[in-house]
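Numbering (this note's numbering), first residue to last: 80 to 173. By construction, the Cβ of each residue, glycine as well, lies at the ideal position given by its N, Cα and C atoms. Encoded as structure tokens, the structure appears first; notes follow it.
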């Protein structure tokens, strides 16, 4: 798969093998999870939705104080919108 030609002004991408890990066994899921503060535990749908609402509220409350430019803020808000749409879907399934 060819990398995208438009980099949207971002830093150059890094290519990873299909398993998503850096070659040489120096990183793995633990580093990724640690960086993004991901916890792998059983959680009910309602508890997950509550966590999503809490985290997205905290991120949007902090957004004005960040040094992100408008494009970066827009990308972040796009991601939050997708996450909230999924939370709505999960909560409507209950």
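Look at residue 145 here: in three-state DSSP terms it is coil, with no helix or strand label. Between the segment 124-134 and the segment 161-169 there are three or more C-beta pairs closer than 8 Å, enough to call the two in contact. By a beta-carbon distance limit of 8 Å, residue 145 does not contact residue 162. Their separation comes to about 18 Å. Contact check for residue 138 and residue 159: beta-carbon distance about 7 Å, within the 8 Å limit, so the pair qualifies.
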